[in-house]
Amino acid sequence: MEKHGTRRRRAWRKLHIGVDADTGQVLASELTSNDVDDGSQVEPLLDQIPGPLTSVIGDGAYDQTGIYSAVATRHPDADVIIPPRSTAVLSEDVETTPTQRDRHLQSIAEHGRIGWQNTSGYTRRALVESAISRFKRVIGNALRSRTDQRRKTEVAIAAHALNRMLELGCPKSVRIA
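Per this note's numbering: the sequence shown = residues 147 to 323.
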């Protein structure tokens, strides 16, 4: 405190965003402190999305039962594409009523993890990662506001600005070989 003149360290904030993989548009955003579990933010993000979803893709941090049920209650036809942990086991009802997670585990056992990624559509996550990269490059990776409400407003304005920029024009990449 003598040296730097501050009482405590700065706290990190986590930005949880929901992105349309086809268009790159930011559909939902939540700003939380760094100690909040990623999976707990799925429901607030789903509440912000007005239309129906075809799929929800997330990384391994979202491999939780609550995620599958939250998506199923709001969007029953949506596929949940989340890689199961390496220590994951099949549910007890796998013979009678396999869950989406059970089908993922069976596909991984049959085709391997890379094969599962290709068949399940998990590779579309790269499109979402590019949207996050675009957010960081254009907007920056730091918030300027000092209060939580202003930070949330800053994130909402940034997401709106990025969406507007995408509406004005985005290059279309096509694989030719």
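In this text, a Cβ means the ideal position worked out from N, Cα and C, and glycines have one as well.
Check, Outcome
"Backbone secondary structure at Ala174 - three-state DSSP", "strand"
"Residue from Trp158, Ile163 and Gln194 whose Cα sits closest to the Cα of Ile278", "Ile163"
"C-beta neighbour in chain D for Ile278, strict 9 Å", "The chain labelled as chain D is not found in the depicted structure, where only one protein chain is given."
"First through last residue of the beta strand (DSSP E) which encompasses Ile254", "First-last for Ile254: Gln246 to Ser266, but that is the alpha helix (DSSP H), not the beta strand (DSSP E)."
"Where Asp225 falls: helix, strand or coil (DSSP)", "strand"
"Unbroken alpha helix (DSSP H) run spanning Ser215, endpoints", "Thr211 to Arg220"
"Cutoff 7 Å; reference Lys318; Cβ partners in own chain excluding five residues on either side", "none"
"Distance CB(Arg253)-CB(Asp225) smaller than 9 Å", "For clarity, residue 253 is Ser in the given sequence; the question names Arg instead. Cβ distance not < 9 Å, so Ser253 and Asp225 don't count as in contact."
"Cβ-based neighbour list, Leu312, same chain, cut-off 8 Å, excluding 5 preceding and 5 following", "Thr169, Gly170 and Gln171"
"Beta-carbon spacing of Pro229, Gly206 below 9 Å", "yes"
"Residues of its chain near Thr242, where Cβ-Cβ distance is below 8 Å and the 5 sequence neighbours each way are ignored", "none"
"Ranges of the alpha helix (DSSP H) found wholly within the stretch 182-208, counting only runs of at least 4", "188-194"
"Beta-bridge pairing of Leu308 - partner residues as DSSP gives them", "According to DSSP, Leu308 bridges with nothing at all."
"Beta-carbon proximity of Val165 to Val274, cut-off 9 Å", "yes"
"Distance between Gly286 and Leu191 (C-alpha atoms, nearest Å)", "22 Å"
"Residue from Asp248, Ile195, Leu236 and Leu177 with nearest C-alpha to Ile227", "Asp248"
"CB of Thr233 within 9 Å of CB of Asp239, strictly", "no"
"Whole-Å CB distance - Ile195 paired with Arg271, under 8 Å assumed", "Contact doesn't hold; Cβ gap of about 17 Å is too wide."
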